[in-house]
Amino acid sequence: SHEHREHDEL
Amino acid sequence: MNIFRFFGDLSHLASIFILIHKITTTRSCRGISFKTQALYVTVFVTRYLDLFTSYVSLYNTVMKIFFIASSCYILYLMRVRYRPTNDPSIDTFRLEYLVGPCVVLALIFNYGYNPTELLWSFSIFLESVAILPQLFMLQRTGEAETITTHYLAALGAYRALYIPNWIYRYFSEGYVDPISVTAGLVQTGLYLDFFYVYFTKVLQGQKFELPA
Chain A
647 SHEHREHDEL
Chain B
283 MNIFRFFGDL SHLASIFILI HKITTTRSCR GISFKTQALY VTVFVTRYLD
333 LFTSYVSLYN TVMKIFFIAS SCYILYLMRV RYRPTNDPSI DTFRLEYLVG
383 PCVVLALIFN YGYNPTELLW SFSIFLESVA ILPQLFMLQR TGEAETITTH
433 YLAALGAYRA LYIPNWIYRY FSEGYVDPIS VTAGLVQTGL YLDFFYVYFT
483 KVLQGQKFEL PA
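Protein sequences appear in the order of chains A and B. So for the first sequence, my numbering puts the first residue at 647; every next one is plus one. So for the second sequence, my numbering puts the first residue at 283; every next one is plus one.
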């Protein structure tokens, strides 16, 4: 699941 | 972080410095689409709202603040300081054709129905097409100052470098972000025509001119 994932790319 | 992403981000930084250099040294924003620049401010502000909610790294935070600040500064240069050199009559791409579909796409494809995720997704889709008013303007005028083409080349290189970054991340971390990858491939594709002329003309020392 992608939930609560962090968007680390700019 | 891998070298593709790092150099991609450096290329993005370089593109912004080239653009600011072009505007301030020629004291003119001729040939630059205000609409594209306004879309980039929208992209950065909607995507980097997470500055206040999640911390990734110092690098990440500094870059986010830089992108928001520099894009706002470019709008200031175009709208205030060098306003007389900005010609809205050739910057005619209809923004509603870009923003509307991006809102719809973000509502369909996202990683969570909350404001932060929806705005993040919207910003990814919007970034993928934000360059269109600029490319449309280039197509219309049929030529560009060399410095402007260097700006576009650096911006395109940033996008192109994100592709090997995703391939690398897939093999090293098993990480795939389908929304970023899909939108990113579309975005990079938009530069292909430009890159063809850039490599065959500008880098051979000729002026950027499109066939009539």
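Even for Gly, the Cβ is constructed at its ideal location relative to N, Cα and C.
Query: Segment limits, alpha helix (DSSP H) that includes B:Gly466; Result: Pro460 to Gly471
Query: The region 468–480 of chain B contacting the region 440–457 of chain B, beta-carbon criterion three pairs below 8 Å; Result: yes
Query: Span of the alpha helix (DSSP H), counted from its first residue to its last, around B:Ile298; Result: Ile285 to Thr308
Query: C-beta neighbour in chain B for A:Glu655, strict 9 Å; Result: yes
Query: Proximity test, Cβ basis, 9 Å: B:Asp369 and chain A; Result: no
Query: Short Cβ contact (9 Å threshold) for B:Glu491 with B:Gly424; Result: yes
Query: Short Cβ contact (9 Å threshold) for B:Ile302 with B:Ile356; Result: yes
Query: Within-9 Å CB hit, A:Glu652 to chain B; Result: yes
Query: Where the alpha helix (DSSP H) containing B:Gly382 begins and where it ends; Result: Glu378 to Ile390
Query: Euclidean distance between Cα positions of B:Lys346 and B:Leu400; Result: 18 Å
Query: Integer-rounded CB distance, given that B:Cys311 should sit under 8 Å from B:Tyr364; Result: 5 Å
Query: Local Cβ density within 10 Å of B:Asp369, reported as buried at 16 or more and exposed below that; Result: exposed
Query: Beta-carbon gap between B:Tyr433 and B:Ser339 smaller than 9 Å; Result: no
Query: Runs of alpha helix (DSSP H) lying entirely within the region 382–449 of chain B, each at least 4 residues, in chain order; Result: 397–411 and 414–423
Query: Which of helix, strand or coil DSSP assigns to A:Glu655; Result: coil
Query: Exposure of B:Gly382, with buried meaning 16 or more beta-carbon neighbours within 10 Å; Result: exposed
Query: Where B:Phe375 falls: helix, strand or coil (DSSP); Result: coil
Query: Straight-line Cα distance separating B:Arg451 from B:Gln421; Result: 36 Å
Query: B:Met360 burial status per 10 Å Cβ neighbour count (16 or more: buried); Result: buried
Query: Spatially closest choice to B:Phe477 from B:Pro446, B:Pro397 and B:Thr431, by CA coordinates; Result: B:Thr431
Query: Cutoff 9 Å: B:Asn447 Cβ touching any chain A Cβ; Result: yes
Query: C-alpha gap between B:Gly290 and B:Ala435, whole angstroms; Result: 12 Å
Query: B:Leu396 burial status per 10 Å Cβ neighbour count (16 or more: buried); Result: Per the sequence shown, the amino acid found at residue 396 of chain B is Asn instead of Leu. By the 10 Å Cβ count, B:Asn396 comes out exposed.
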